[in-house]
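See below for the structure under consideration.
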Amino acid sequence: MSTVVAPPAEPSHAVLAGKRAPRWLWALPPVAFVVVAVAYPLTGVVARTFTDKAERPAGLATWRETLTDGAVLRALGTTIQVAALSTIGCLIAGTFLALVLAYVPFPGAPAVVRLIEVVVSFPSFLIPLALGVLLGPVGVINAAITPLGLSTGAFSTSLWGVVLAEIAFYTPFVVRPVLAAFGQLPAAQINVASSLGAAPARIVARVILPAAYPALVAAASLTFLLTLNEFGIVLFTGAKDVITLPMLVYTRSIVGQDFASAAVLATVQLILSVGAYLLYRSFTRQEAH
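Residue 35 is where the sequence shown starts when you use our numbering, and the numbers rise one by one after that.
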């Protein structure tokens, strides 16, 4: 009786190699997406900066005219001022909340963490609307203190009202990474410092915060990037005297139909945003290592 011996099977990787598409083919979809969704629009915006309002070639004339405009310079200063103040406020509030949630156990702490995370999913315009209900001319607080001869004035529509709204919305972006950094700090370091007689404030200043420094800087960079580009909060606050670059881009493009000047402002905003993003990425890489 003869035995039929089957030929050895071809290795699976060899079969797959024969059917595998070229690597460059797999790169086409993401490259096409980046070109269509990012590169093409940005190229169009930058190209528009070298034309005038009537779309005629203008060289650098539109750049000179826009960047020497007093309104633009004031808007640039206001944008950086609001972003810086909001970032400082978010750092203070977010670090305090993270310290309490990490080192002051209390019932319901996990629920508070989840609530803070939910705030991130809110539309940004809800915050100024809520602050208007509380602090506006006919808000709850004004109604309570008016009989005492007091008033919040125009706080909700001032620069500080915008800053408060941005702090309320963007503080969770500080809480989460800082809370994660606190969770990685060995409890033994805190216990040793406590056993040596260090006061809680000294432990926070000399042990906890230095260990979380990369997370703090990364959170600050991300918050600055987000507040730098914030549009909805400024718009819905109704602060007429608070003109930021995103607001000026909107005004000059949609209202004034001056797309060349708006393109210059958008390009400046893009440069600032990319710089803030690169700063954020550099600190997140340091934190990872």
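Even glycine gets a Cβ: it sits at the ideal position worked out from N, Cα and C.
Practice prompt. Report the three-state DSSP secondary structure of Thr102 (helix, strand or coil).
Written response: Three-state DSSP puts Thr102 in coil, outside helix and strand.
Worksheet item: Quick one, which of Tyr204, Tyr314, Ser120 has its alpha-carbon nearest Val152's?
Response: Out of Tyr204, Tyr314, Ser120, the CA that lies nearest to the CA of Val152 is found in Tyr204.
Worksheet item: Mind checking whether Ser190 and Leu168 have CB atoms under 9 angstroms apart?
Response: A contact, by the Cβ cut-off of 9 angstroms.
Worksheet item: Quick one: what's got a C-beta closer than 7 angstroms to Val147's C-beta in the same chain, skipping five residues either side?
Response: The residues are Leu135.
Worksheet item: Ala253: buried (16+ other C-beta within 10 angstroms of its C-beta) or exposed?
Response: Around the beta-carbon of Ala253, 16 or more other beta-carbon atoms lie within 10 Å, marking it buried.
Worksheet item: Taking the alpha carbon of Leu213 as the point to measure from, which residue in Leu312, Ser120, Ala249 has its own alpha carbon closest?
Response: The candidate whose alpha carbon is nearest that of Leu213 is Ala249.
Worksheet item: Are Leu260 and Ile114 touching if we call contact CB-CB under 9 angstroms?
Response: With respect to the 9 angstroms criterion, Leu260 and Ile114 are not classified as neighbours on the basis of their beta carbons.
Discussion item. If you measure between the beta carbons of Cys351 and Ile237, is that distance less than 9 angstroms?
Written reply: Given that the chain is displayed from residue 35 to residue 323, the structure contains no residue 351 and the question cannot be resolved.
Discussion item. On the DSSP bridge list, what partners appear for Pro91?
Written reply: Answer is Thr85, bridged to Pro91.
Worksheet item: Which residues bound the alpha helix (DSSP H) around Phe140?
Response: Premise fails: Phe140 is in no alpha helix (DSSP H) and is neither H nor E.
Discussion item. I need the DSSP call for Thr301, collapsed to helix, strand or coil.
Written reply: Note: Thr301 maps to helix in three-state DSSP.
Worksheet item: Terminal residues of the continuous alpha helix (DSSP H) containing Ser287?
Response: Premise fails: Ser287 is in no alpha helix (DSSP H) and is neither H nor E.
Worksheet entry | C-alpha gap between Gln291 and Pro75, whole angstroms | Straight-line measurement puts the Cα of Pro75 at about 18 angstroms from the Cα of Gln291.
Practice prompt. Give me the Cα-Cα distance between Ala235 and Phe84, rounded to the nearest whole angstrom.
Written response: C-alpha of Ala235 to C-alpha of Phe84: approximately 56 angstroms in a straight line.
Discussion item. I'd like the list of long-range same chain contacts for Phe265, defined as Cβ closer than 6 angstroms, with 5 residues on each side in sequence excluded.
Written reply: Within the same chain, Pro280 come within 6 angstroms of Phe265 by CB-CB distance, once the 5 residues on both sides are set aside.
Practice prompt. Keeping to the same chain, check which residues put their C-beta closer than 8 angstroms to that of Ala95; ignore five residues upstream and five downstream.
Written response: Result list for Ala95: Asp86, in chain order.
Worksheet item: With C-beta atoms as the reference, is Ala127 less than 9 angstroms away from Phe258?
Response: At the C-beta level, Ala127 and Phe258 stay beyond 9 angstroms of one another.
Worksheet item: In chain order, what residues of the same chain lie with their CB nearer than 7 angstroms to the CB of Ala132, ignoring the 5 residues before and after it?
Response: Closer than 7 angstroms at the Cβ level, and outside the excluded window around Ala132, lie Val209, Val212, Leu213, Phe216.
Worksheet item: Quick one: any contact between the stretch 136-143 and the stretch 172-184, if contact means 3 or more CB pairs under 8 angstroms?
Response: The stretch 136-143, when compared against the stretch 172-184, does not touch it at the 8 angstroms Cβ threshold.
Fill in: Assigned secondary structure, Ala132 (DSSP; H/G/I helix, E/B strand, else coil)
Judged by DSSP in its simplified three-state form, Ala132 adopts helix.
Worksheet entry | Counted within 10 angstroms of its Cβ, other Cβ atoms place Phe156 as buried (16 or more) or exposed | That one is exposed.
Fill in: With 16 other Cβ atoms within 10 Å as the buried cut-off, status of Tyr247
In this structure Tyr247 is exposed. Its beta-carbon is surrounded by fewer than 16 other beta-carbon atoms within 10 angstroms.
Discussion item. Spatial neighbours of Ala273 within its chain, please: C-beta separation below 7 angstroms, excluding the five flanking residues on both sides.
Written reply: Shown here for Ala273: same chain residues with a beta carbon closer than 7 angstroms to its own, the five before and five after excluded, namely Thr191, Ser192, Leu193, Gly195, Val196 in chain order.
Discussion item. For Gly52, which residues in the same chain have their Cβ closer than 6 angstroms to its Cβ, ignoring the five residues on either side in sequence?
Written reply: Note that Gly52 scores a pLDDT of 48, beneath 50, so its modelled location is shaky and nothing firm can be said.
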